[in-house]
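Position one of the sequence shown corresponds to residue 3 (the working numbering), numbered consecutively onward.
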Amino acid sequence: MSSINTGKVIAGGLLAGLVFNILDFVSNGVFLAEDFRANATRLGLDPAVAESVGGIMTWVVIDFLLGILAVFTYAAMRPRFGPGPKTAIVAGLVVYLSVTLVLFGLTQGGLIAMALFVKASILSLVTVCVGSVAGAWAYREA
3 MSSINTGKVI AGGLLAGLVF NILDFVSNGV FLAEDFRANA TRLGLDPAVA ESVGGIMTWV
63 VIDFLLGILA VFTYAAMRPR FGPGPKTAIV AGLVVYLSVT LVLFGLTQGG LIAMALFVKA
123 SILSLVTVCV GSVAGAWAYR EA
């Protein structure tokens with residue numbers, strides 16, 4: 003059994019993170035911007051805080067870290083499931099489901115509106131599949 007190529011996990015993860023960031027900019031900044039503002043206002047929060055440089059940079063870093071996590075998961079699954087897009091999507095779904103389940107819990111506490119959760123979850127599913135395949139494309143065994 004070969005070991006995980008850490009350098010390629012990071013390189014592939016950064017590529018996946020770049021794709022995540024680009025697609026999240028479009029989905030969250032264009033399609034869901036008003037939904038996020040309405041949710042913040044509903045909670046009595048200032049939407050401008052999330053749209054500030056600090057607020058945006060937090061999500062940029064998170065997307066890169068999630069990209070690395072997705073490619074690490076792909077590298078760990080690859081010996082069992084084989085290389086390729088199918089395994090990359092399954093690895094991405096592990097990350098996606100982990101985050102989505104936590105966010106669903108927040109809907110039950112009233113922190114995220116259900117309509118926003120559903121829209122964001124659908125767009126995030128597309129984002130994670132595309133990004134995970136891109137990151138896996140850059141990964142090679144040691």
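Don't be surprised by glycine CBs; every beta carbon is placed ideally from N, CA and C.
Here the alpha carbons of ILE12 and ARG142 stand approximately 11 Å from one another.
In this structure, GLY14 lies away from GLY94, with their beta-carbon atoms at least 7 Å apart. Put simply, of LEU47, PRO87 and GLY19 the residue whose alpha carbon is nearest the alpha carbon of SER126 is GLY19.
In the three-state reduction of the DSSP assignment, GLY84 falls in the coil class.
Taking all protein chains shown into account, GLY69 has 16 or more neighbouring C-beta atoms within 10 Å of its C-beta and is therefore buried. Separation of ASN7 and LEU25 (C-alpha to C-alpha, rounded to the nearest whole angstrom) is 27 Å. Each residue's CA atom was taken as its position, placing VAL130 and ALA52 some 22 Å apart.
By the Cβ criterion, the region 81-98 is not in contact with the region 47-64, since fewer than three pairs of Cβ atoms, one from each stretch, lie closer than 8 Å. Per the C-alpha coordinates, the member of ARG44, PRO81, TYR76 and PHE83 positioned closest to LEU118 is ARG44. The Cβ neighbour count for VAL128, taken over all protein chains shown within 10 Å, is under 16; the residue is labelled exposed. Taking ASN41 as the centre and dropping the five residues before and after it, the same chain places the C-beta of ILE114, ALA115 and LEU118 closer than 8 Å to its C-beta, in chain order.
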